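Novice: Input: one structure, supplied below.
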Amino acid sequence: MRIKINGEAEDIEAEKLTVIDLLRLKNVESPEMVSVQLNGDIIERQDYETTGISADDELDFLYFMGGGSL
Amino acid sequence: MIKLNRSVHDAIVAHAQRGLPHEVCGYLAEKDGRVTAHYEMTNTDAAADHFSMKPAEQFQAARDMRDKGLKLKAVYHSHPETPARPSVEDIKLALDPAISYVIISLAATDPAIKSFFIRDGEVSVEQITPVDDQENTEMT
Numbered sequence: 001m002r003i004k005i006n007g008e009a010e011d012i013e014a015e016k017l018t019v020i021d022l023l024r025l026k027n028v029e030s031p032e033m034v035s036v037q038l039n040g041d042i043i044e045r046q047d048y049e050t051t052g053i054s055a056d057d058e059l060d061f062l063y064f065m066g067g068g069s070l
Numbered sequence: 071m072i073k074l075n076r077s078v079h080d081a082i083v084a085h086a087q088r089g090l091p092h093e094v095c096g097y098l099a100e101k102d103g104r105v106t107a108h109y110e111m112t113n114t115d116a117a118a119d120h121f122s123m124k125p126a127e128q129f130q131a132a133r134d135m136r137d138k139g140l141k142l143k144a145v146y147h148s149h150p151e152t153p154a155r156p157s158v159e160d161i162k163l164a165l166d167p168a169i170s171y172v173i174i175s176l177a178a179t180d181p182a183i184k185s186f187f188i189r190d191g192e193v194s195v196e197q198i199t200p201v202d203d204q205e206n207t208e209m210t
């Protein structure tokens with residue numbers, strides 16, 4: 001299926017795909033530290049394993065950004 | 071090395087000073103090898119010793135960068151009372167190996183800005199140099 005990932009169209013060789021499948025496919029380390037937006041909606045982390053991705057979907061993901069000075 | 075438009079340099083220092091006593095945070099975006107824009111983010115922790123970005127603002131900034139042909143170069147945040155070096159927590163949470171991590175320290179009279187590569191817990195210093203603005207400066 002063809003989907004758009006972070007603004008770039010990509011062909012993914014899969015008929016069924018969840019958010020967590022895609023993060024693993026993209027070799028994302030620490031998926032629990034990644035925020036995901038699917039077609040403009042932010043997906044809750046507990047839903048990564050159950051949220052399906054369909055052809056023509058637009059998915060954005062980015063790393064949690066945080067830190068501290070101590 | 072990061073080449074940083076002087077206007078961006080001044081803007082992130084001003085952001086850090088305006089945010090006191092809390093840490094501030096944001097993105098730096100580049101075009102043609104030069105940082106021409108910054109994106110000020112909400113520190114959802116609203117704390118003097120910690121920051122977390124708001125994902126909705128991160129996505130909005132990422133989309134704006136794409137629309138303007140910019141690329142994420144670095145994350146910046148301030149240390150109101152400690153030196154410009156990554157803390158243990160900064161290192162632990164430096165999850166994106168593709169970007170640099172810039173710290174603005176307000177611990178001394180004159181603000182200090184340093185940039186770091188952080189890969190697998192290893193920290194190395196990266197030169198960061200303010201340069202005179204060119205026409206492609208973006209205001210965000």
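Chains as they are written, first to last, in our numbering: chain A, 1 to 70; chain B, 71 to 210. Every residue gets a Cβ at the ideal spot worked out from N, C-alpha and C, and that includes glycine. Computed from a predicted model, the values in this text were never measured in an experiment.
#1: Exposed or buried, Ala13 of chain B, counting other C-beta atoms within 10 Å across all chains shown (16 or more means buried)?
#2: Can you name, in chain order, every residue of its own chain whose Cβ lies under 8 Å from the Cβ of Glu10 of chain A, other than the five neighbours on each side?
#3: Taking the alpha-carbon of Ser170 of chain B as reference, which of B:Glu100, B:Pro181 and B:Gln204 has the nearest alpha-carbon?
#4: Would you mind reading off the limits of the alpha helix (DSSP H) that contains Arg2 of chain A?
#5: Between Glu93 of chain B and Ala117 of chain B, how many whole angstroms is the CB-CB distance? I'm expecting something under 8 Å.
#6: Which residues of chain B have a Cβ atom closer than 7 Å to the Cβ of Gly52 of chain A, listed in chain order?
#7: Leaving aside the five residues before and after Glu15 of chain A along the sequence, list all residues of the same chain whose C-beta is less than 8 Å from its C-beta, in chain order.
#8: Do Leu17 of chain A and Val36 of chain A have their C-beta atoms within less than 9 Å of each other?
#9: Alpha carbon to alpha carbon, what distance is there between Val145 of chain B and Met135 of chain B?
#10: Quick one: is Leu74 of chain B near chain A, going by C-beta distance under 9 Å?
Specialist: According to the data block:
#1: Because chain B in this structure spans residues 71 to 210, residue 13 of chain B falls outside the shown range and cannot be described.
#2: Arg2, Ile3 and Lys4
#3: B:Glu100
#4: Where Arg2 of chain A is concerned, there is no enclosing alpha helix (DSSP H), although the beta strand (DSSP E) it sits in stretches over Arg2 to Ile5.
#5: 7 Å
#6: Correct list: empty, because the minimum Cβ distance to chain B is about 20 Å.
#7: Met1
#8: no
#9: 14 Å
#10: no
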